[in-house]
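Okay, so here's the structure we're looking at.
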Amino acid sequence: MALSPSPTSDPHGHYLALVQRKRLYGGLTLAIFVLMMVSGFMLADSRNAGGFWSGLPQIFDFPADVLADTATKLHLLPEHLVRYFPALLETINIAAASTLIGAALALILSLLATRGLALWPRAIPVFRRIMDIMRAVPEIVIALVLIFVLGGGPVPAMIAIAFHTTGALGKLFSEVNENADLKPVEGLTSVGASWLQRMWLGVVPQVSPNYFSYALLRFEINIRASAILGFVGAGGIGYELKNAMSWGKGRFDEAAAIFILLFLTIVVFDQLSSHVRGRLIHKGGH
Amino acid sequence: MLVVENLTKRFGGNVAVDNASFTVDRPIMLGIIGRSGAGKSTFLRMMNRLTDATTGSLKVEGQDVLRLTGAARREWQSQCAMIFQQFNLVPRMDVVSNVLHGTLNRRSTLATMFNLFPREDIHRAIDILDRLGIVQHAAKRAEALSGGQQQRVAIARALMQDPKVILADEPIASLDPMNAQIVMDALRRIHDEDGRMVIANLHTLDTARRYCDRVIGMRDGRIVFDGTPEQLTTGVARDIYGADETFSEEATSTEIRDHRAAPVRAATPA
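As given, the protein sequences belong to chains V and L, one line each in that order. Per my numbering, the first sequence starts with residue 1, numbered consecutively. Per my numbering, the second sequence starts with residue 1001, numbered consecutively.
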């Protein structure tokens, strides 16, 4: 009947043959993966200045130092927390402003890049590529360039994060837009509404809970990003952390205070945003 | 008032509307019947400019509306209201806002984006809702209303446009018989009281007979019947729908009434 052994003639043998072939492929994949890991590691280790194996035992030296330093000056910790709180606010401010600006630009770009909604359908690929480029460039690269041009401070960091956020949110927003119901848009077209009116009154009310949810997620990510940008001179808590760490022993208690602040902030905003997003999705899903 | 000449719409190899021509000299209530895919919706969508025609012209008071572009096209759309089978309201916005959308073309984009409609427009919107008997739902979200109520909101939006023509694309196809009658009565009343032209695609013959002054029958994109409801005999209907002797109107009728009942339209012939 068929060229290959029919499954019905010998079901046991047929299934076992299948399993064996799957196992062979699985084993080969694993072997290739292990080989690549090992060879890549050897190469990296041989090129490293310090060497991985010699450095490995020291990996816990820094946390140990921080803890030891802090333990002796525990009474100073509340003072440090208060002292670095304004820097934390600056970091959160950078994140909030860049998320707002990024989300507003992402909204416009995403509508221009969604099939069925775009103002100029032929320009959809152009706006998609613009978002790809904005997403592809890491914040830190833009921040380094801007700090070189504009000087250090929170504004270059804000612009850098907003740029990246526009690309990242634009992509997510555009996927939300694809699922928007086009009937209200058609209804507004039929009364002679302009493109902006159709988008703002017909699409945005439908997609705003999802937009908000993604923007909150991005806000969390941006808090971390703005803390990191402090290391390259963009101000905020990252700058203070870099100073506290690089000045060596004796100021590690301050580093510990900053770590605690950062950790608490991330936890608070994580909880807050998951709570709000949960409510939004719950409300929107009826 | 309305002159359609050699109007044609092709979708790839398919001809949706094939060389349609007809004239309407005064504001009447016009019904278009025909089976699914006969080109009824395509015709209305071309008239509202939601779909572009392939060839032909559609003149309203001497102006070929198919040639309009940009702001002039939107201006025409604001004078040519459209009612859809699926209502096409914004579900998450309240009823009055949805009605106020009828004025979008006349108001500045910026003001409407912040929902800043003039007070007199808001009063007028509520008055229109009152006229259609749904003023008690004014502050509710459109999605909270039943199908029949949503369709009346859509009619209110159309009236808010203060249009020359109201196009209704299967306005009662997704409604139960009682709501269908309420919606059709409302459309007829708008025609009688305001003197606006109403063009409605209908999927049931008895509705067309009862409410329309003139009926156009379409089959495969062509106009195969154009006359008064009285001329729309069962034999003609069979031709329009391409049916054989087993075709019976009563089988698809959705009306709650005795089929001998008098039509609600005025006695004057079209």
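C-beta: ideal position from N, C-alpha, C; glycine also.
- In this structure, Leu88/V is the residue among Leu88/V, Gly192/V, Ala180/V, Leu107/V with its C-alpha nearest to the C-alpha of Pro154/V.
- At a beta-carbon threshold of 7 Å, the residues of chain V lying near Leu1089/L are Pro184, Gly187, ordered along the chain.
- Taken in chain order, no unbroken stretch of beta strand (DSSP E) lies wholly in the region 70-152 of chain V with a span of 3 residues or more.
- Of all residues in the region 1173-1187 of chain L, none is placed with a Cβ closer than 8 Å to any Cβ belonging to chain V.
- In the three-state reduction of the DSSP assignment, Arg1189/L falls in the helix class, which pools H, G and I.
- Across the region 1109-1120 of chain L, CB contacts with chain V closer than 7 Å involve Thr1109, Thr1112, Met1113, in sequence order along the chain.
- Listed in chain order, the positions of the region 1036-1049 of chain L with a beta carbon within less than 7 Å of a beta carbon of chain V are Asn1048.
- Given a length threshold of 3 residues, each whole run of the beta strand (DSSP E) inside the region 1004-1034 of chain L is given here in chain order: 1014-1024, 1029-1033.
- Between the region 214-230 of chain V and the region 26-37 of chain V there are fewer than three C-beta pairs closer than 8 Å, too few to call the two in contact.
- The C-beta of Leu150/V has fewer than 16 other C-beta atoms within 10 Å across all chains shown, which makes the residue exposed.
- DSSP places Asp1206/L within a helical segment (H, G or I) once states are collapsed to three.
- Neighbours of Ala96/V in chain L, taken as residues whose beta carbon is under 7 Å from its own, are absent, since the nearest beta carbon is some 23 Å off.
- Look at Pro205/V: its C-beta is under 8 Å from a C-beta on chain L.
- For Ile228/V, the closest C-alpha among the options Ile94/V, Pro11/V, Leu172/V, Trp200/V is that of Ile94/V.
- Under the three-pair Cβ rule at 8 Å, the region 270-278 of chain V does not count as touching the region 1184-1192 of chain L.
- Within a 10 Å sphere around the beta-carbon of Arg122/V sit fewer than 16 other beta-carbons, which makes this residue exposed.
- The beta carbon of Gln1086/L sits closer than 8 Å to some beta carbon of chain V.
- Among the residues facing chain V, Glu1075/L is included, as its CB has a counterpart in that chain under 8 Å away.
- Counted as a single uninterrupted DSSP element, the beta strand (DSSP E) harbouring Ala1200/L occupies residues 1197-1201.
- A direct Cα-to-Cα measurement between Val1096/L and Ala1139/L gives close to 7 Å.
- The DSSP-derived three-state label of Ile1166/L is strand.
- In this structure, Val1183/L lies away from His1191/L, with their beta-carbon atoms at least 8 Å apart.
- Taking all protein chains in view, the Cβ of Tyr1211/L is crowded by 16 or more other Cβ atoms within 10 Å, so the residue is classified as buried.
- At least one CB of chain V lies nearer than 8 Å to the CB of Gln1161/L.
- By a beta-carbon distance limit of 8 Å, Leu169/V contacts Tyr214/V. Their separation comes to about 6 Å.
- Secondary structure of Ser9/V (DSSP, three-state): coil.
- For the C-beta of Met1082/L, the chain V residues within less than 7 Å are, from N- to C-terminus, Ser190.
- Beta bridge pairing from DSSP links Ile1223/L with Met1218/L.
- Here the alpha carbons of Ser1146/L and Ala1154/L stand approximately 12 Å from one another.
- Val1165/L is positioned such that its CB atom lies closer than 8 Å to that of Arg1196/L.
- A direct Cα-Cα distance of roughly 15 Å separates Met1093/L from Gln1149/L.
- With its beta carbon at least 8 Å from every one in chain V, Asn1201/L lies outside the interface.
- With a threshold of 16 other beta carbon atoms within 10 Å, Arg1045/L meets it and is buried.
- Flagged as an interface residue toward chain V: Arg1157/L, by a C-beta distance shorter than 8 Å.
- Taken atom to atom, the span from the alpha-carbon of Gly238/V to that of Ser54/V is near 29 Å.
- Checking the DSSP bridge columns, you'll see Gln1063/L partnered with Val1060/L.
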